[in-house]
Amino acid sequence: SPEEIRDVRLKKVQDLRGLGQEPYAYGFDRTHFTKDLQDLYASLPNGAEDEAGTLVAVAGRVLAKRVMGKLAFLSLRDDKGQIQLYVDRTRLDASQNEGFNTVKGLVDVGDIVGCSGTVKRTEKGELSVVATGMQVLTKSLLPLPDKWHGLSDVEKRYRQRYLDLIMTAEVRDTFRARSRIISTLRRQLEDRGFIEVETPVLESVAGGADARPFRTFHNSLGRDLTLRIATELHLKRMVVGGFERVFELGRVFRNEGLSSRHNPEFTSVEIYQAYADYNDMMNLTEELIRVCAMEVRGSAQVSYQGVAIDFSQPFRRVTMADLVREACGLDFEAAMAAARQVGSAEAAAAVRSAPSLGHLLNEMFEAVGEAGLVQPTFVLEHPVEISPLAKPHRSKPGVTERFELFIYGREHANAFSELTDPVDQRARFEAQVARHNAAFQERQKVALDTDFIAALEYGMPPTGGLGIGVDRLVMLLTDSPSIRDVIAFPTMS
Amino acid sequence: MKRAGHLFITSLRVITCRFASKGAHFPSAAALRPAWATSCVLAESWRRHVSEMATGEYVLPEQWSEDLKDENGEPMSKSEFKRRQKAQRLAAEKAEKEAAKAAAAAAAPPKPAKEDGAALEDDASEITDPTAYFENRVRYVNAKKAKGINPYPHKFHVSMSLPDYIAKYGSLESGQQEPETTVSVAGRIFSKRASGSKLLFYDLKADGVKIQIMADARNSDLSLEAFTAVHNECKRGDIVGVEGFPGKSKKGELSIFPRKFVLLSPCLHMPPSAHFGLKDQETRYRQRYLDLIVNTDVRNIFYTRSRIIQFVRRFLDTRGFLEVETPMMNMIPGGAAARPFITHHNDLDMKLYMRIAPELFLKMLVIGGLERVYEIGRQFRNEGIDLTHNPEFTTCEFYQAYADYKDLLGMTESLISQMVLEIKGSYKIQYHPEGPEKPSIEIDFTPPWRRISMVSGLEECLGIKLPTDLESEEARQLLIDLCAKHDVNCPAPQTTARLLDKLVGEFLEEQCVNPTFICDHPQLMSPLAKWHRELPNMTERFELFINKREVCNAYTELNDPIKQRELFQDQAKAKSAGDDEAMFIDETFCTALEYGLPPTGGWGLGIDRMTMLLTDTCNIKEVLLFPAMKPEETGPKEADS
């Protein structure tokens, strides 16, 4: 049992100290990563030793160990790859007293060791370090799991992510890819003259999206705060302040349930560009995603859960109303036009707000249109009612200059020509707050962000804004089925 | 006033650096020279061409033909012919206008500007009451909407940023214009003055720089009446788009001469006046957008902040570190000693703490085999707000397997000294620790930096010898006496760790103006650091102090799980004894350690404090875009009150 193994290994900790070897060493001077040696000695033939006899030093975790008489074979893995340690009693003991017995008796699978020696390739073709020095750097107390792959308890993988990383190469690759995707996004934006900024996580008014926020309390201010649900309103204040191209790549929080696409904290990038509109943002979105795909998959055509997704072509652009008409024949454009024709302005307004055709269109889209959008598709022109921060369309009444990007039936990006009219903004906020407070009653009252409206009153240039869900993009580009596969430590119940 | 002047100097320095490093966006002077040279040559040939036409040496025929030759007998292309034809037409029109103007001037004496309703308005005609001002502008916007005109246009194409415009046309000579070039720029109006009934001067600002708009009715596509109407709609503070041609005024001011002038977003409030600016600190922080509009130097602080973070990221990326993200909400707040924020997840009905440090998660990733990881991100501490503390702040932490604190000492020196050199252009910086009105000090980042071993340093300073066993009650009593003797205040609970911390603050940190490492902290102050390999009861740890403030904290990581559990239990005891800043026991982390953490060096940097040093600011609020503020006493202010 693990407890018995732990006791045995604790005894080995004592034994090592008894031999004058600290089982938790302070450091190790590594000369090469294992990958460096694999590259350096790629042409070393089977059975040959490095003739120069260069002394190398590697360090990493022992993943396997076999002892055969006077020989022991350990496989060692580090950050970049793997190599075999070839431990020959005669050669090791010649330079390190009792070296072989230490390896045999006191080194276990799971330990972190440092090994110095020369390089050879075995007859079987395994590149190896022939040990002339072996040192336990960190004694592990618990054994590595026997069966990790195909583990039925996926929860355990997320709860003990470090074991998942040790045992599974794909998991390590996923987090390396995540890091590359984020740095690619950042570099792309910086190359276009955007500056990265940091806006508050703790806010007195949560705004910028319609979602339930987390609440907390600041002791010394004696004040309730909420965690941001979006970075939008602060970033737009920056644009008002003259930062014409800004972005923030960071965590946002929504107090909602867990699912394969939702974690309470997730990473988004929001981008604002003065003097751009939603058309410009569509082009930017295409380029950003295409470059990320090239960077981590080496191609603009990728496979996700067995489905080929093609980023190489311009993404399809289609309005929400057209999609719904295609899917079920309902013609909202005509319906909206008809609704505007009903007698007086008051009557038209009443029809439109009952509760609203816009909401109906959106619900219809989610019901019949969304799931079928497998290839990258920009869904355009959302109704005004569901887009409180987007500018009304320049030529089509009732809809906004907005798009959402759908891939594999999932929303990946959301963008608009930003609403810059403070009077219109205030009216839309008031409607939203009223609706929200009616829906949630006393429990989750929200307030109007009057300071944001004041900022708009000082004049915001015409601006395009874009938000991309980073976790979902990483899922897509690493072929991961769940958001928990791309968050190192997902929230667990 | 002193303050503004001083910050202005800082900002100049910052601008110089920014231009030097951002090659792509802000071309260096050397890179620009060819572009300037080209435009000068063009302008020169243009002038020559015009003068030739005037002297009649060469006459352009009315039609282009294949065998057409220029003044030098060279064949002339069709496009060159068209260009010359257009220039000729323009020159003729200009001459005609000037003749007409001269004739009109001769015929009638100039009218006083205000006599009829169509006079041009400028800053001098501004309404001075803020409420009336706001109402007037809202009326204007509503009137436009009523007429079916959108006062907030959807798109204005900007062909060139103002910094690029200045780089490209800054070398024009006084009075020189390029009417054949079309450029469109946009920005915010900072001042407006009329000169007569046909000419307006605006200051247009964007990206922290300024050019002049010289709006002349004679260059506009509009009738004089329409011209006057368009420009009378525009007020100081408005966002406008201008399409026109570049040139310099006779006084040498770089300008754009508009053919088209579009109001893109009106400023409904009276902007702070150019003369008095915006100085009130509360307003500056609460309405940061106004601060950024009015005070150019503030903008530069955030550019420097961004460059500091970029520098750290690049430094670590080139050394093979992987940037990762770990949770901000946890079941247990671990990795540091501080009061956490508490929140609640509704669906899971679960209490969560906001993180106070990412340390434990990052070490778990090292256990998982990611040998070099870092995270730059927000941390949260539920503590008071003062000159150096904000409830949320930004840190960088990195962890490197097989490195120890000695390796990190060297890395810290090179990272920070190189950063200072790149951003400030020198290892030595001027800093005003008590604000711009008080004297400045010099901080010298030239490596190597002084290293003080904590306990022996303190012993030397106080001329005493501390007991080897710092855990003993005897040691604690001695420290209480020392604090009393030297008048050092240590509020309860008077634990050995807290007493030592106060004495070190008083006697060692005070010496650390230039970057100085205080090293080898006692184990009882450092529950996550590894015991020192030579000094008993001490750890392999250092803190970097600059201007007497902690900027970095690093150690050889404790990776013995048995020892770690013991130290966590000591912390738990301290907690139950009343030290609510002591750490929680994190069982998950202890279990992870039992799988084996390689020897690892770990390091943390306070990004906000580093930014304060390099932007010469002494209040953390200056380096945060939207600092946490006390609620306003009158409650939330209505924007249109």
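Line by line, the protein sequences give chains A and B. For the first sequence, position 30 (counting from the first letter as 1) is numbered 30 according to UniProt numbering, and the numbering increases by one without interruption. For the second sequence, position 369 (counting from the first letter as 1) is numbered 369 according to UniProt numbering, and the numbering increases by one without interruption. Built from N, CA and C at the ideal position, the CB exists for glycine as well.
Annotation for D407 of chain B: no beta strand (DSSP E) segment contains it, though the alpha helix (DSSP H) segment containing it runs Y405 to K424. Residue contact with chain A for A337 of chain B: absent (no Cβ-Cβ distance below 7 Å to any residue of chain A). Annotated three-state conformation of K35 of chain A is helix, per DSSP. At a cut-off of 7 Å between beta-carbon atoms, V158 of chain B makes contact with chain A. Between L500 of chain B and K530 of chain B, the C-beta spacing is not below 7 Å.
Runs of the alpha helix (DSSP H) lying entirely within the region 24 to 80 of chain A, each at least 4 residues long, are 34 to 40 in chain order. Secondary structure of R121 of chain A (DSSP, three-state): strand. Per the coordinates, the alpha-carbon of A572 of chain B lies some 56 Å from the alpha-carbon of A276 of chain A. In the DSSP secondary-structure assignment, Y399 of chain B is bridged to B:V373 and B:G602.
In the DSSP assignment, R288 of chain B falls within the alpha helix (DSSP H) that extends over R288 to V294.
Its Cα nearest to that of I620 of chain B, the residue B:N390 stands out among B:Q477, B:L544, B:A554 and B:N390. Here E418 of chain A is buried, its C-beta having at least 16 other C-beta atoms within 10 Å. Interface residue (Cβ-Cβ distance to chain A less than 7 Å): T283 of chain B is not classified as such. A Cβ-Cβ distance of about 7 Å is found for the pair I356 of chain B and F380 of chain B, placing them in contact under the 8 Å criterion. Per DSSP, the continuous alpha helix (DSSP H) segment holding R139 of chain B begins and ends at P130 to A146. Close CB contacts of Q135 of chain A within its chain, under the 8 Å cut and outside five residues either way in sequence, are with Q21, A25, F28, V113, G114 and C115 (chain order).
Taking the Cβ atoms as the reference, C396 of chain B lies roughly 5 Å from L605 of chain B, within the contact range of under 8 Å.
Within the region 558 to 591 of chain B, contact with chain A at the beta-carbon level (separation under 9 Å) is assigned to L558, N559, D560, P561, I562, K563, T588 and T591. Using a C-beta cut-off of 8 Å, the region 189 to 198 of chain A makes no contact with the region 166 to 179 of chain A, since fewer than three inter-stretch Cβ pairs fall below that distance.
Chain A has a Cβ within less than 7 Å of the Cβ of H154 of chain B.
The beta carbons of L60 of chain B and R84 of chain B sit about 5 Å from each other, so the pair counts as a contact at 8 Å. Within the region 99 to 114 of chain A, G110, D111 and I112 place their CB atoms closer than 7 Å to a CB of chain B, listed in sequence order. Of the other Cβ atoms in all chains shown, 16 or more fall within 10 Å of the Cβ of A131 of chain A; this residue is therefore buried.
In the structure shown, I487 of chain A adopts coil according to DSSP, grouped into three states. Going by beta carbons, Y162 of chain A and I367 of chain B fall inside the 7 Å limit.
The DSSP-derived three-state label of S259 of chain A is strand. Secondary structure at H157 of chain B: coil, using DSSP grouped into helix, strand and coil. For the beta strand (DSSP E) assignment, the uninterrupted runs of no fewer than 3 residues enclosed by the region 169 to 257 of chain A are, from N- to C-terminal side, 215 to 218, 223 to 227 and 245 to 253. Among the residues of the region 46 to 63 of chain A, those with a Cβ less than 9 Å away from any Cβ of chain B are A59, G60 and R61, in the order of the chain. For Y304 of chain A, the secondary structure class from DSSP, reduced to helix, strand or coil, is strand. At a cut-off of 7 Å between C-beta atoms, F341 of chain B counts as an interface residue with respect to chain A.
Shown in chain order are the members of the region 277 to 291 of chain A whose Cβ falls below 7 Å from a Cβ of chain B: D277. One Cα belongs to L44 of chain A, the other to Q82 of chain A, and the distance between them is close to 17 Å. When Cβ-Cβ separations below 7 Å define contact, M460 of chain A makes contact with chain B. Look at C234 of chain B: its C-beta is not under 7 Å from any C-beta on chain A. In the three-state reduction of the DSSP assignment, E225 of chain B falls in the helix class, which pools H, G and I.
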